[in-house]
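In the UniProt record's numbering, the protein residues as written are 1 to 246.
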């Protein structure tokens, strides 16, 4: 066991990924084996809808813990429940689909140290990021960025990239405030952190490639409408209910 000051808990939400999940988690673990901190991987199966759970149990990947729900609850809910069970003083989550290169994990960890940060956000818009995604996605992403900036005044340029790291003491304050279950959980975490006075929030570069089509399940017309409605709900909780600062 390594003893270099910190223990990292990495949350990996999984939904309908039986064909790739074991390989992807093993790839993530290869990266974690190169960092200077000890770690655990919490794999959260968001609904027993395929063989992901059985395959991961059979694989017996070291330093992993499995959490599962019988019914699909939503990505943000899965991440939140993983965070609640995490043992580390650094708690990170990243998407399991490997659109984000896991080699960037060490970059986020280094940024935590350099800035003594409360939160480090992986950002598509960092000047050192390498990103490949469709023009359609870029338009949607920029539009949402400006909407979020207008509604919440958050300084980070990318709230939605699926990799972020938090200090545990920050999450202890944030988690009881969170209610979103699906696509805007990342935004809600940052909004709650801002409302509670955590201002040491910085961005780190990532390498991202969407090899899938321009409108995946994460960007259908229906899901875009859901994102906008949930974003409005967060605005209501911030400005009308003062929910996050209570």
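Glycine included, each C-beta is placed from N, C-alpha and C at the ideal position. Small disclaimer: the values here were computed from a predicted structure and weren't measured.
Take the Cβ of residue i as the centre, count every other Cβ of all protein chains shown within 10 Å, and call the residue buried at 16 or more, exposed below.
i           : result
residue 24  : buried
residue 172 : exposed
residue 285 : Residue 285 lies beyond the residue range present for the chain, which begins at 1 and ends at 246; the question has no answer from this structure.
residue 139 : exposed
residue 17  : buried
residue 188 : buried
residue 100 : buried
residue 221 : exposed
residue 62  : exposed
residue 97  : buried
residue 5   : exposed
residue 95  : buried
residue 108 : buried
residue 88  : buried
residue 137 : buried
residue 51  : exposed
Going along the chain, which residues of its own chain have a beta-carbon closer than 6 Å to the beta-carbon of residue i, five neighbours each way excluded?
i           : result
residue 195 : 244, 245
residue 215 : In this prediction, residue 215 scores a pLDDT of 45, lower than 50, which makes its location untrustworthy; the coordinate-derived value is nonetheless stated afterwards. The answer is none, since no qualifying residue turns up.
residue 190 : 154, 159
residue 106 : 35
residue 210 : 99, 133
residue 71  : 47
Excluding the five sequence neighbours on either side, which residues of its own chain have a C-beta within less than 7 Å of the C-beta of residue i, listed in chain order?
i           : result
residue 78  : 13, 44, 46
residue 157 : 123, 125, 145, 203
residue 130 : 207
residue 226 : 182, 183
Determine, using beta carbons only, whether residue i and residue j come nearer to each other than 8 Å.
i           : j           : result
residue 37  : residue 10  : no
residue 75  : residue 120 : no
residue 90  : residue 30  : no
residue 177 : residue 161 : no
residue 56  : residue 21  : yes
residue 28  : residue 102 : yes
residue 118 : residue 170 : yes
residue 82  : residue 93  : yes
residue 200 : residue 115 : yes
residue 112 : residue 235 : no
residue 175 : residue 60  : no
Nearer than 7 Å: is that true of the beta carbon of residue i relative to any heavy atom of the ligand ADP?
i           : result
residue 199 : For the ligand ADP, the structure offers nothing, since it holds no ligand at all.
By Cβ distance below 8 Å, which residues in the same chain neighbour residue i in space, the five residues on each side in sequence not counted?
i           : result
residue 224 : 140
residue 85  : 42, 65, 67
residue 237 : 179, 243, 244
Pick out the complete beta strand (DSSP E) segments inside the stretch 142-173, 3 residues or longer, and give them in chain order.
-> If one requires a minimum length of 3 residues, the beta strand (DSSP E) runs lying completely within the stretch 142-173 are 163-167, in chain order.
Go through the stretch 58-87 residue by residue and report every complete run of the beta strand (DSSP E) that reaches 3 residues or more, in order.
-> Listed in chain order, the beta strand (DSSP E) runs fully inside the stretch 58-87 are 64-69, counting runs of at least 3 residues.
At a cut of 8 Å, does the stretch 180-190 reach the stretch 220-238 through at least three beta carbon pairs?
-> With the cut-off at 8 Å, the stretch 180-190 and the stretch 220-238 touch.
Could I get the ranges of all uninterrupted beta strand (DSSP E) runs contained in the stretch 81-137, with 3 residues as the minimum, in chain order?
-> With a minimum length of 3 residues, the continuous beta strand (DSSP E) runs that stay inside the stretch 81-137 are 90-94, 119-123, 130-132.
What runs of the beta strand (DSSP E), each 3 residues or longer, lie entirely inside the stretch 4-39?
-> The DSSP assignment places 7-14 as complete runs of the beta strand (DSSP E) inside the stretch 4-39, in order along the chain (cut-off: 3 residues).
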